[in-house]
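Taking it in order: structure first as structure tokens, then the write-up.
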Amino acid sequence: MVEALIKRNLKTHPQLNFPDYKSSRLRAPKNKKISFSSTSTEISGPVFKKDIIGKLDNDLTLNFSKNNILPIGHKIIVFGTISDQFANPIEGALIEIWQANAAGKYLHHNDNNTAPVDPNFAGCGRYITSSKGYYEFITIQPGPYPYPNRGIEWRPMHIHFSVFGKSFGQRLITQMYFEGDPLINSCPMVNSISDKKAKQSLISTLDTSRYNTKKLLSYKFDIILRGTNQTFFENRKEGL
Amino acid sequence: MSDIKTVLDETPFQTAGPFLHIGCLPNAINIEGVFDNDLGVKPFANKHYDKFITITGSVFDGDGKALDDIMLETWQSDENGVYSPESGFARFVPNSLTKKFNLYTLKPGFINNIDGKAQSPHILLSISSRGLNMTLNTRIYFEGDDLINDPLLSIVKNSRNDVSSLIAKKIDEDIYLFDIFLQGDKETIFLDI
Ligand SMILES: [Fe+3]
């Protein structure tokens, strides 16, 4: 049986040309992308082995700490599942995250924000999903931060996510937001997505059922990667 | 197989922003001691270097400025046209002074497609950066190869007269030039993969 990726529904994705987000003006291509059915190139992809993941890779409160000093800020758990569009959990998916520290500062030479660097916080983590597609990070609540756009604007609190599924065509780079953050609604990057439900799907929810287990606030963020379907060639279904 | 399965919406993309190196290439920006190695530093760690080619180029914005705050990723087959999950992935950034990227890799072979037809040798290239609300994807084909029967290039030709933005120019023995234009007269053809 031949499995191909189901077509991407661009209506649930951001607009590339979104002038409210100033940086997109000189970078977003003007021409329409060319659509085609999957080939062997897009349905294959790199698979990362669990042995690349170190013990502290998914604990951002410890993976850069010096002399066991914890980073400043309140510690949170970010967790969820990765599944495909047919709700099949994806095992072995690689998640890489990056974020600002509690003061809204990135450990990056291009970050001009005057907020302080936290010497015990790098802001990067990675994880490979378990058999049920589950992942978990322990981190610090990232702060909102100012950036130049239409004058100075403020990004809502967020964590950047990069995900590899089973195939390169499933590759996803996105951002997770936090339930209740008043800055979400005015963010041009969020608003580059016109579909309300799609926008909502990027907002993690506070999971109160975990209050008592680890004494940490827990946010749930489930990710859905593209699904695969049987595909047709020359009007005949392969493999039936 | 049932045809009435519910199809959930894919999680939407968001821009990778200007600080993507922290998560994807921390060692490259001197965040050391968190991950042992950045991923995709070598696309084929176990292959012979004497067979490698270099693909070089820049990514230009709508003002014709060569960008360096971007991340490029490539996915490709080996010299026999075979995809394997352990190798063929690379991740790199342009040099901050020259604004040029260099991909040192195997030249892929003709690739057997899922429909049994051959695809001409090519590399899938993706670009993520601030200002890009979604990752962009394109393909690198190679000047001098037989490109006439490639299925994807045939599809592209149905809607675009000029497919040359998808073809790397041979500028020397084993050196290819592949510049990418995000906008303008020479805008690169991007793919909805
Ligand atoms: Fe950010």
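Same order as they appear, the protein sequences are chains A and B. Under this note's numbering, the first residue of the first sequence carries the number 465, and numbering increases by one thereafter. Under this note's numbering, the first residue of the second sequence carries the number 71, and numbering increases by one thereafter. Backbone N, C-alpha and C define an ideal beta-carbon position, used for all residues, glycine too.
{"Check": "Name the DSSP bridge partner or partners of B:Lys240?", "Outcome": "B:Tyr246"}
{"Check": "Short of 8 Å in beta carbon distance, which residues of its chain neighbour B:Asp215, apart from the five on each side in sequence? Order them along the chain.", "Outcome": "Ser190, Pro191"}
{"Check": "Counting C-beta neighbours from all protein chains within 10 Å, is the total for A:Glu698 16 or more, i.e. buried, or is it exposed?", "Outcome": "Caution applies to A:Glu698, whose pLDDT of 41 falls short of 50 and renders its modelled position unreliable; the value that the coordinates give is listed next. Counting Cβ neighbours within 10 Å, A:Glu698 comes out exposed, since fewer than 16 surround it."}
{"Check": "Hey, A:Leu520 and A:Ile561: beta-carbon distance below 9 Å or not?", "Outcome": "no"}
{"Check": "How long is the line joining the alpha carbons of B:Ser154 and B:Gly103, rounded to whole angstroms?", "Outcome": "29 Å"}
{"Check": "With respect to 8 Å, is the separation between the Cβ of A:Gln563 and the closest non-hydrogen atom of ligand 1 below this value?", "Outcome": "yes"}
{"Check": "Considering only the beta carbon of each residue, do B:Thr81 and A:Ile559 sit closer than 9 Å?", "Outcome": "no"}
{"Check": "Would DSSP call B:Ser147 helix, strand or coil?", "Outcome": "coil"}
{"Check": "Excluding the five sequence neighbours on either side, which residues of its own chain have a C-beta within less than 6 Å of the C-beta of A:Leu480, listed in chain order?", "Outcome": "Ala492"}
{"Check": "Closer than 6 Å by C-beta to B:Ile237: which residues in its own chain qualify, once you throw out the five before and the five after it? Chain order, please.", "Outcome": "Tyr211, Glu213"}
{"Check": "What residues of chain B sit near A:Arg614, judged by a beta carbon separation below 8 Å?", "Outcome": "The contacting residues do not exist; A:Arg614 stays about 14 Å from chain B at best."}
{"Check": "Identify the continuous alpha helix (DSSP H) that holds A:Leu506 and give its terminal residues.", "Outcome": "It should be noted that the sequence gives Glu, not Leu, for residue 506 of chain A. Where A:Glu506 is concerned, the enclosing alpha helix (DSSP H) stretches over 504 to 507."}
{"Check": "Quick check: what's the CA-CA separation for A:Tyr598 versus B:Phe260?", "Outcome": "33 Å"}
{"Check": "For a cutoff of 9 Å on Cβ pairs, would you count B:Ser157 as touching chain A?", "Outcome": "yes"}
{"Check": "Please report whether the beta-carbon of B:Tyr153 lies at a distance below 9 Å from any beta-carbon of chain A.", "Outcome": "yes"}
{"Check": "Quick one: what does DSSP say A:Ala492 is sitting in, helix, strand or coil?", "Outcome": "coil"}
{"Check": "Does any residue of chain B have a CB that is nearer than 9 Å to the CB of A:Leu689?", "Outcome": "yes"}
{"Check": "How long is the line joining the alpha carbons of A:Tyr485 and B:Lys169, rounded to whole angstroms?", "Outcome": "24 Å"}
{"Check": "Need the endpoints of the alpha helix (DSSP H) that B:Ser229 sits in, please.", "Outcome": "221 to 229"}
{"Check": "Report yes or no: do three or more beta-carbon pairs, one from the stretch 647 to 663 of chain A and one from the stretch 225 to 241 of chain B, lie closer than 8 Å?", "Outcome": "no"}
{"Check": "If we cut at 9 Å on Cβ distances, does A:Asn649 have a partner in chain B?", "Outcome": "no"}
{"Check": "Does the beta carbon of A:Gln639 fall short of 8 Å from some heavy atom of ligand 1?", "Outcome": "yes"}
{"Check": "Cβ closer than 9 Å: which chain B residues qualify as neighbours of A:Pro478?", "Outcome": "Pro82, Phe83, Gln84, Thr85, Asn203, Met204"}
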